[in-house]
Structures are given as structure tokens and as C-alpha cells.
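In this note's numbering, the protein residues as written are 4 to 101.
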């Protein structure tokens, strides 16, 4: 299968673009994800990046050709990303957490 991926993002009126896009794929499955930053929060761009990195790592671990249960994978990956954000916020002693 051949495909092309295009992405574009605009920061709008913000100082930094906190949104992130990413993708991973195997021969038979793919993960294409968007993460909206936490505008106005300290290190809001880190939140979206950590979420995508966590999901990508789980996809690379679990997608051995295909995902057996894609819905379960997405649920677990989103929860894992959230827990990663909470750990980061605790380590950095951030006041706001997602």
C-alpha cells in the first residue's frame, strides 16, 4: 500500500505552536494522531509532544504487523499518554495538570 502524509499547523495568535502531529505505520496498520497543546499552561507544548511520543512507542511495541484490537489499543494508549503527562507534571512541580 502506498500513501502520502501531509501536515500543516498554524500557531495563530499564540507565541508557540503547541499542537503536534505524528504517525507510525507497519505494512498492515497505521497510527495517525493529532494532539492539541494546552494553550496558556506552562509547558503546554510538552503535553502534546509527550502524548504523541507515548502513543507512538506503544504502537511500535504492539503493532507487529497489525493491532489485534485497535479500539482497545487507542484507549490504552490515550490513558498511558495521560499518565505520562501526570508524571511529568509531578516531576516538574507544575501547578496545572491535564
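Cβ coordinates follow ideal geometry from the N, Cα and C atoms, glycine included.
Asked: Output yes or no for whether 8 angstroms exceeds the beta carbon distance between residue 68 and residue 22.; Found: no
Asked: Where does the unbroken beta strand (DSSP E) through residue 17 begin, and where does it stop?; Found: Element bounds for residue 17: n/a, residue is neither H nor E.
Asked: Taking 8 angstroms as the threshold (C-beta atoms), are residue 24 and residue 10 in contact?; Found: yes
Asked: State buried or exposed for residue 84, treating a residue as buried only when at least 16 other CB atoms are found within 10 Å of its CB.; Found: buried
Asked: With DSSP run on the structure shown, which of helix, strand or coil describes residue 70?; Found: coil
Asked: Considering just the uninterrupted stretch of the beta strand (DSSP E) at residue 96, what are its terminal residues?; Found: From DSSP, residue 96 is part of no beta strand (DSSP E); its letter is neither H nor E.
Asked: DSSP beta-bridge partners for residue 102?; Found: As displayed, the chain neither begins before 4 nor continues past 101, which places residue 102 out of reach and without an answer.
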